[in-house]
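Visitor: In the working numbering, the protein residues as written are 6 to 299. Glycine included, every Cβ here is placed at the ideal spot set by N, Cα and C.
1. Report, in whole angstroms, the separation of the C-beta atoms of residue 147 and residue 103, which I expect to be a contact under 8 angstroms.
2. Measure the Cβ-Cβ separation of residue 21 and residue 59 and say whether it is below 7 angstroms.
3. What span of residues does the alpha helix (DSSP H) with residue 126 cover, start to end?
4. So does the segment 184-198 actually touch the segment 226-244, counting three or more Cβ pairs closer than 8 angstroms?
5. When you compare only the Cα positions, how much space is there between residue 162 and residue 113?
6. Using the Cα positions of residue 30 and residue 79, report the straight-line distance between them to the nearest angstrom.
7. Apply the 10 Å Cβ neighbour rule to residue 213 and answer buried if 16 or more other Cβ atoms are within range, or exposed otherwise.
8. In terms of residues, what are the limits of the beta strand (DSSP E) holding residue 199?
9. Once you ignore the five residues that flank residue 100 on each side, which residues in its own chain have a CB closer than 8 angstroms to its CB?
10. Cutting at 8 angstroms between CB atoms, please list the residues of its own chain near residue 119, excluding the five before and the five after it.
11. Is the beta carbon of residue 254 sitting closer than 7 angstroms to the one on residue 245?
12. Within this structure, are the beta carbons of residue 130 and residue 205 separated by less than 7 angstroms?
13. Could you tell me the boundaries of the alpha helix (DSSP H) in which residue 204 lies?
14. Looking only at its own chain, which residues have a Cβ that is under 6 angstroms from the Cβ of residue 50, when we skip the five neighbours before and after it?
15. Please go through the segment 9-84 and give each complete beta strand (DSSP E) segment of 3 or more residues, from N-terminal end onward.
16. In terms of alpha-carbon separation, which member of 84, 117, 23, 81 lies closest to residue 97?
17. Counting only the same chain and skipping the five closest in sequence on each side, list residues whose C-beta sits under 7 angstroms from that of residue 268.
Right under this line is the structure:
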């Protein structure tokens with residue numbers, strides 16, 4: 006199964022040397038546990054560009070734990086942290102959501118590797134549903150958290166996931182006014198700046214319900230994103246009319262869906278069917294049900 010890694014040429018202060026280009030960088034396997042003979046396949050030699058070599062399509066033909074060493078003429082070699090190569094016979098399809106009975110952590114399976122979700126907001130931002138989680142008896146290899154790294158959630162690089170840390174202070178949003186919509190380059194998730202946090206939109210319908218315009222979308226850097234707090238997903242605004250495959254029409258009130266008993270009731274509250282949004286039954290089921298509109 007293919008994986009990738011990135012190697013940077015850095016100065017004595019840890020900064021990537023962007024002026025360094027055309028240098029030949031080579032990868033090799035230097036440690037295997039359990040001890041066995043294996044072969045590293047794929048393009049393991051690249052010329053760097055602006056100090057960076059992005060390797061992809063690599064594979065190792067034995068299950069176990071390996072370490073990679075990057076070497077280049079004139080530079081000090083560097084070894085990666087240990088990386089586990091997964092077994093392809095776990096019997097779990099890619100994209101399935103799993104957890105164990107003794108832990109609340111939810112994982113997405115990618116090539117028999119468990120990619121953890123570090124926050125509920127990220128879980129919802131990826132369009133996942135709690136009802137789809139299944140419980141398994143034992144853990145497989147643990148991989149990079151979902152959404153971390155190179156924005157590619159389909160690789161199977163195995164690392165020890167970092168422990169999420171809470172942000173004690175509000176992020177600096179001086180250049181992002183309340184109500185702004187932003188995203189990272191190369192990542193489809195769009196966020197709403199609200200109350201000092203970034204709230205992800207989970208669907209185009211929610212985006213439309215808030216009357217947002219993609220022409221106002223701002224691109225932020227990874228450093229800006231890392232300095233901010235990701236909050237709960239954006240919900241439908243009060244007054245939004247929703248309907249699934251059934252005849253019942255609901256109105257959103259304080260985050261809950263409230264059934265509208267009749268068209269007369271709808272008209273009394275100044276609402277119109279022209280504003281009705283049709284959603285999937287699954288999305289409708291995910292919204293907590295309140296009482297009934299009078």
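Guide: Taking the geometry as given:
1. With 8 angstroms as the limit, residue 147 and residue 103 do not qualify as a contact, their Cβ atoms being about 12 angstroms apart.
2. no
3. 125-130
4. yes
5. For residue 162, the predicted structure reports a pLDDT of 40, less than 50, and the residue's modelled location is therefore unreliable. The matter cannot be settled from this model.
6. 11 angstroms
7. exposed
8. 195-199
9. 113, 114, 115
10. 103, 112, 113, 144, 145, 146, 147, 148
11. no
12. yes
13. Counting along the chain, residue 204 falls outside any alpha helix (DSSP H), though it belongs to the beta strand (DSSP E) covering 202-205.
14. 31
15. 29-38, 50-52, 57-65, 69-76
16. 117
17. none
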